[in-house]
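All remarks here apply to the structure that follows.
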Amino acid sequence: MVGREAPTLPKLRSDWASTGNTKSGWPQFLEAVQLHGLRGWTGQQIELRFPVVAIAGENGSGKSTILKAAAAAYKPSGKSSDVTVRDFSPDDFFPSTPWENVSGVRLEYRVRRGDDVGNHSLRKASARWRGMPERPQRQMYFLDISRTQPVDTLIGYGKVARVELATNASAININADYLGILSRVLGRSYKAGSLVRDARGKQVGIVEFEGNTYSNFHQGAGEDATTDLMALLQDAPRHSLILIDEVEASLHPRAQRRLMTELIKLAADRRLQLVVTTHSPYVLEQLPAEARIYLRTTRDGLREPIYGVTPDYALSLMDDESHPELYLYCEDDRAVPLIEGMIRATDPALIARVKVVPVGPAGTVRMLGSLMSEDRLPEQGLGVLDADQPAAPGCVRLPGPAKPPEVALFGAMEEANFVSIAERLGVRAGDLMDAVEDACRLPEHHTWTKRTAEGLGGTMRTAKVWEAFTDVWIKDVLSEADRMAFMEAITSRLPQVGASGAA
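Taking the working numbering, the leading residue of the sequence shown gets 1483, the next gets one more, and so forth.
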């Protein structure tokens, strides 16, 4: 999957880098949540490193638990008549029941308020939660998955809507700005929208589209959930904390991307902090690496956060489409054809037994390598670092000089190699060498392949250029000894086909 960051992301990234936690930036910020003694959590810390963070993982991995713990971190500031603002207690989310006794639990928080960073905790050693009065103040909104109402909750509710809500409740009109957001997300031109809500929080969303006015009883689930979200966001004060469980709920991929684009813009404009959970790679690809977290469950049932994951990595773990014997976790899409090319050049049959997955920056590869070296993950895997990275447990480095892949490959090519690459691309060798020479003048090596493709004109794809370079480098430049040493690290992790267990 090719990542497509949100078009609104550069402004948020720039604002965050320049203003940070100053008064003009995000002076209120929940920096970390740590959980002890609860649903497989034994002190692991979740760090929130960007104003908009998405947490992904399989069902039961602990995503919602993090949001619920975060929802109890603050108490509302001042008095509010808004029924969507609640003072949540951990008992609202983690109660003792006839089937489980919640005790020996501690929730810890690192909270920034301007230049001051403080730590506070909520503790339940036995019967009662302690630490509630000491929580800092901040407006916080929590939208759980129940906002997409199952049909059995609507049955019989129509009468309540007609009799009670229609006569004893107030309407919150969605203003023009947020009606515009609703229209852009769902790809429909809404003329009006409102939320009818009573004092208990019972509510019905209403929209007008193409001359028809209809309530959430006649809306699609995604339309209903997004209408409710717009009504909440327009009234959320500046610097609020917004927590959204399964942010993509009932939205198709285009709408998911549009929603994240709008949320990122709102985070920049209103200095909001948003933490969302998701199962969607379309949500993850809108965000930078520092805003993506994946929750793994280790062999012993513990939670392990992995930071900076790619959408491809998240999708590969949440999908059973393939069953490789060995996962090869590399940094990015540039490493994939290098690894697969070396496998094909050595033993093409091995391709069916492995899966190469770009997971994110070198730190993410090293983290996964460490977990795999300790046999803490359920699958067999090996981290593959770029050649310019230091050695790390559970990892192997790409062969070749200790340079980034583009620098190593572009710098290794001689005239005969350029002729071979040009034949693969169907261009003249002279034109290719001119395009490469121009590209290598750019200071950022990650842009060289794209610039070369642009220099060749027409519809030349960047991926095609890179694959041609990797093919020639593996075939004509890389030494057999270096290739075989790299392959030995991979084959040593694979089960021996046809091996007998008999002595």
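Cβ coordinates follow ideal geometry from the N, Cα and C atoms, glycine included.
Owing to the predicted nature of the structure, the values given are computational and were not obtained by experimental measurement.
* For residue 1518, name the three-state secondary structure that DSSP assigns. => strand
* Asked: Excluding the five sequence neighbours on either side, which residues of its own chain have a C-beta within less than 7 Å of the C-beta of residue 1889, listed in chain order?
  -> 1927
* **residue 1713 to residue 1663 span [Cα, whole Å]** => 11 Å
* Asked: Mapping DSSP to helix, strand and coil, what is residue 1529?
  -> strand
* Beta-carbon proximity check, residue 1621 vs residue 1676, cutoff 8 Å -> no
* Quick one: is residue 1633 buried, meaning 16 or more other Cβ sit within 10 Å of its Cβ, or exposed? -> Because residue 1633 carries a pLDDT of 40, less than 50, the predicted location of this residue cannot be relied on, and no value is offered for it.
* To do: For residue 1543, count neighbouring Cβ atoms within 10 angstroms of its own Cβ and tell me buried if that reaches 16, exposed if not.
  => buried
* To do: Along the alpha helix (DSSP H) that carries residue 1889, what are the first and last residues, could you check?
  => 1887-1894
* Under three-state DSSP, which class holds residue 1607? -> coil
* Burial state of residue 1740, where buried means 16 or more other Cβ atoms lie within 10 Å -> buried
* Specify, as a first and last residue, the run of the alpha helix (DSSP H) that residue 1738 falls within. => 1735-1752
* Asked: In this structure, does DSSP put residue 1906 in helix, strand or coil?
  -> helix
* To do: Within 10 angstroms of the Cβ of residue 1696, are there 16 or more other Cβ atoms? Answer buried if so, exposed if not.
  => exposed
* Alpha-carbon to alpha-carbon, residue 1791 and residue 1969 -> 25 Å
* Indicate the three-state DSSP secondary structure (helix, strand or coil) for residue 1584 in the structure shown. => coil
* Asked: So, is residue 1966 buried or exposed, given that buried needs 16 or more other C-beta atoms within 10 angstroms?
  -> exposed
* Asked: With a CB to CB cut of under 8 Å and the five nearest residues on each side skipped, what residues in its chain are close to residue 1526?
  -> 1516, 1517, 1784, 1785, 1786 and 1787
* To do: Can you grab the Cα-Cα spacing for the pair residue 1895 / residue 1907, in whole Å?
  => 15 Å
* Hey, would you say residue 1625 sits closer than 8 Å to residue 1769, going by beta carbons? -> no
* If we ignore side chains and look at the alpha-carbon of each, how far apart do residue 1774 and residue 1839 end up? -> 16 Å
* Asked: Whose C-beta lies closer than 8 Å to the C-beta of residue 1749 among residues of the same chain, with five residues either side of it excluded?
  -> 1494, 1533, 1534, 1755 and 1756
* Locate the alpha helix (DSSP H) running through residue 1493, then write down its first and last residues. => 1491-1501
* **Bridge-paired residues (DSSP) for residue 1691** => 1672 and 1694
* Asked: In this structure, does DSSP put residue 1912 in helix, strand or coil?
  -> helix
* **Cα-Cα separation, residue 1957 to residue 1851** => 28 Å
* Would you check whether the ligand GTP has a heavy atom nearer than 7 Å to the C-beta of residue 1522? => Of the ligands one can find in the structure shown there are none, so the ligand GTP has no counterpart to examine.
* Figure out for me which residue from 1503, 1616 and 1855 has the closest Cα to the Cα of residue 1599. => 1503
* Spatial distance of residue 1431 from residue 1617 (CA atoms) -> The structure shown does not extend to residue 1431, since the chain spans only 1483 to 1985, so no value can be given for it.
* Asked: Where do the ends of the beta strand (DSSP E) carrying residue 1865 lie?
  -> 1863-1867
* Per-residue DSSP class, three states only, for residue 1795 -> helix
* **DSSP three-state assignment for residue 1730, whether helix, strand or coil** => coil
* Kindly identify the DSSP beta-bridge partner or partners of residue 1619. => 1557
* Asked: DSSP state of residue 1947, grouped into three classes?
  -> helix
* Asked: With 16 as the cutoff for other CB atoms within 10 Å, does residue 1904 come out buried or exposed?
  -> buried
* According to the Cβ coordinates, are residue 1910 and residue 1920 closer than 8 Å? -> no
* **Start-to-end residues for the alpha helix (DSSP H) that takes in residue 1707** => 1703-1717
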